[in-house]
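Those letters in the sequence shown? Residues 29 to 106, per our numbering, in order.
Each residue gets a CB set at the ideal place from its N, CA and C atoms; glycine is no exception.
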Amino acid sequence: MKTAISIPNPIFEAAEQLAKELGLSRSELYSTAIAAFVEAHQSENVTERLNQIYADEASTLDPVLLQLQTASLDGETW
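Next up, the structure:
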């Protein structure tokens, strides 16, 4: 897909230089950069969503499970 964007001159010039150094076309460089940016922010969204989900969950151990785990330690030698 073709698109037009406005980029400050210093960023454009740095991108042109980097594309040249990497042997990439401008489109390849911008596509790679945008894909990396999107991926980085998607993982932030996953973390944020998991934090929301687990904020509503109790962080205590189930009392029955705690009792079973404690009982199983009695037979262990430390």
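- In this chain, the alpha helix (DSSP H) harbouring K48 covers 37 to 50.
- Taking S87 as the centre and dropping the five residues before and after it, the same chain places no C-beta closer than 7 Å to its C-beta.
- When N79, L46, D102, E85 are compared, the shortest CA-CA separation from T60 is found for L46.
- Remark: C-beta atoms of R54 and E67 do not approach each other more closely than 8 Å.
- Boundaries cannot be given for I33, as no alpha helix (DSSP H) includes it and DSSP labels it neither H nor E.
- By alpha-carbon distance to A32, the top candidate from L94, P91, Y58 is Y58.
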